[in-house]
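This report refers to the structure that appears directly beneath it.
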Amino acid sequence: MKSHRMLLALALVATTGAAAESHGLDTFETLKSLQGHWRPDVQGSSTTVEFRLTAGGSALVETWTMGQGRESMTIYTMDGDHLVATHYCPQGNAPSLRHIGSDEESGHHFQFVDGLNVQIPGRSHVHAFSLKLVDRDTIERSETYIANGTSYQPGTHGIDRYRFVRIVP
């Protein structure tokens, strides 16, 4: 009887792992549909966002242009079975975040794993973000930044929210 339980437990773990593996790849394939140019859905902002594939389709580059010479870039790619996003910030840091799940209400969720220059005092870094595809031409993004050198406390940090509409596919 114990051996049957053990086999059942191992089968459950293997199935759960396979589901998580395909989920990251499925999410990456979904994000590839964002290729094109986007703008905020509010008047008065000069920010633009571009999504484009590079490296033979193995990386999706998201570039935010906030003004002359001010850009940030997030590169989405698979790391084995996991979808990761590395954000290159104008503050000079590069946090890496891992896709931790998706839901219909708020989209695809990424959580901080590690990063470069995330301990420099007086600066901050993105610690979590979600990206939701509202429809083919509308996306919503929410981001949580924390001060470098501090620990993340859920519910205690502000969340920045953005909504973009596609201008060029």
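All the letters of the sequence shown, read from the start, carry residue numbers -19 to -1, 1 to 150 under mature numbering (1 follows the signal peptide of the UniProt record, and there is no 0). Built from N, CA and C at the ideal position, the CB exists for glycine as well.
D62: not part of any beta strand (DSSP E); DSSP gives it neither H nor E. Annotation for A40: L34, I56, Y57, T58 place their beta carbon closer than 8 Å to its own, counting only its chain and skipping 5 residues before and after. Closest by C-alpha distance to G48, out of V30, D62, G37, is V30.
Counting other Cβ atoms within 10 Å of its Cβ, T137 stays below 16 and is therefore classed as exposed. Rounded to whole angstroms, the gap between the alpha carbons of D60 and S77 is 11 Å. A check of alpha carbon separations from T125 across R117, D118, S111 identifies S111 as the nearest. Straight-line measurement puts the Cα of G25 at about 32 Å from the Cα of V65.
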